[in-house]
Amino acid sequence: MRENNNRPMDRAMAAVFCAILLVAVVIILLVAGHLMSKNAKHKDSGKAAENTQIEESSETIGMETQETEVTETLAQEETETEEPFIATPIPNVESLDTTSYGWGQGVQFDEYNRPISAVQYQETYGKYNANFIGENRPVIYLTFDEGYEYGCTERILDTLKEKGVHAVFFVTQPYAEDNPQLVQRMIDEGHTVGNHSVTHPSKGLPSQTMEQQQQEVMGCHQYVLDHFGYTMHLFRYPTGAFSEQSLAIVNNCNYKSVFWSFAYLDYDVNNQPDQTQSLQKLVDRMHPGAIYLLHAESETNTAILGSFIDQAKAAGYSLEAFD
Numbered sequence: 001m002r003e004n005n006n007r008p009m010d011r012a013m014a015a016v017f018c019a020i021l022l023v024a025v026v027i028i029l030l031v032a033g034h035l036m037s038k039n040a041k042h043k044d045s046g047k048a049a050e051n052t053q054i055e056e057s058s059e060t061i062g063m064e065t066q067e068t069e070v071t072e073t074l075a076q077e078e079t080e081t082e083e084p085f086i087a088t089p090i091p092n093v094e095s096l097d098t099t100s101y102g103w104g105q106g107v108q109f110d111e112y113n114r115p116i117s118a119v120q121y122q123e124t125y126g127k128y129n130a131n132f133i134g135e136n137r138p139v140i141y142l143t144f145d146e147g148y149e150y151g152c153t154e155r156i157l158d159t160l161k162e163k164g165v166h167a168v169f170f171v172t173q174p175y176a177e178d179n180p181q182l183v184q185r186m187i188d189e190g191h192t193v194g195n196h197s198v199t200h201p202s203k204g205l206p207s208q209t210m211e212q213q214q215q216e217v218m219g220c221h222q223y224v225l226d227h228f229g230y231t232m233h234l235f236r237y238p239t240g241a242f243s244e245q246s247l248a249i250v251n252n253c254n255y256k257s258v259f260w261s262f263a264y265l266d267y268d269v270n271n272q273p274d275q276t277q278s279l280q281k282l283v284d285r286m287h288p289g290a291i292y293l294l295h296a297e298s299e300t301n302t303a304i305l306g307s308f309i310d311q312a313k314a315a316g317y318s319l320e321a322f323d
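Here the sequence shown stands for residues 1 to 323, numbered as in the UniProt record's numbering.
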């Protein structure tokens, strides 16, 4: 009887034990699942962080590559800009026409206000690296001839510096000898120094032999190179007189010839033109690619230069040094 009475109790205890065991198994499974999920998230976070680092590193490398490419491009452009002018030699110079021509821009103009003769001469003689007018775009080239110093050049340089404009100064050898501080200032302030011959022959370059013409160019060239360490490559003909042969001689000296598409009677120091009228003349004759010839000994030019620059800029022109 006692044995039979204990069996229901044993079954109840067994049932309770099984239930406890089942709950324990469920808890263990839940805890294990949570830990696995947490580890997976941690791994995913680690991979995401690793991917982010890789992406950031790639972006950094990309930016460095772009910066390197930009630096190399700028360096290449700077090198290209600094390359010296090299003229193509013209053969058989001795056989070319020696007829001397005087140059003046004339009084007939096209629809762009350009002197027609300057455009025609450019088409005819441009093959010799001769320049009577620039490209048909809104730019004006300021050039100053320097044969003698009358105390104006320093003030002209002051005005150009104030206005942020560069110009070309064509110097004779005696001018460079007598005014080294002014020539050095031209160079230091970014202007172009051009060659205006050794002696400025009154009858022009074509009046001389081929050897003399070459010496007129290369004598001044060598003096400026020796005393200023500066290599000139632009030449202006004394009196504007030239021949086909002289154009070839100057070209073969590795020079460009620069004439002009505007000039006026400004060089007589004892008979200077009216400043108001002169300024209006300079403004009225503005045209694309204009090469202005101004004499640096002119008090009138010195006085009106700043106003002309302002009006030219207001009219949409840039002012540059011919290169």
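Quick reminder that beta carbons are idealized off the backbone N, C-alpha and C, glycines included.
- Among the bridge pairs identified by DSSP, T239 is matched with none.
- Taking every protein chain shown into account, the CB of P180 has fewer than 16 other CB atoms within 10 angstroms, so this residue is exposed.
- Shortest Cα-Cα distance from H196 to any of Q215, E146, I309, T276 involves E146.
- In the three-state reduction of the DSSP assignment, E320 falls in the strand class.
- Taking Q122 as the centre and dropping the five residues before and after it, the same chain places the C-beta of F132, I133 closer than 6 Å to its C-beta, in chain order.
- Judged by beta-carbon spacing, G240 lies within the 8 Å limit of F259, meaning their Cβ atoms are closer than that value.
- Shown here, V198 sits in coil according to DSSP, grouped into three states, outside any helix or strand.
- The beta carbon of Q272 is closer than 7 Å to those of S298, E299, T300 in its chain, skipping five residues each way along the sequence.
- Shortest Cα-Cα distance from G164 to any of G190, F170, Y150 involves G190.
- Pairing D158 with N252, the inter-Cα distance amounts to about 35 Å.
- Minimum Cα-Cα distance from E154 among the listed residues A296, S207, H287, F262 corresponds to A296.
- With a 10 Å radius around the Cβ and a threshold of 16 neighbouring Cβ atoms, G104 comes out exposed.
- For N131, the secondary structure class from DSSP, reduced to helix, strand or coil, is strand.
- Scanning its chain for C-beta atoms nearer than 7 Å, with the 5 sequence neighbours on each side dropped, one finds around L305 the residues I156, T159, in chain order.
- If you compare the alpha carbons of R185, Q245, T209 with that of F228, the shortest gap goes to R185.
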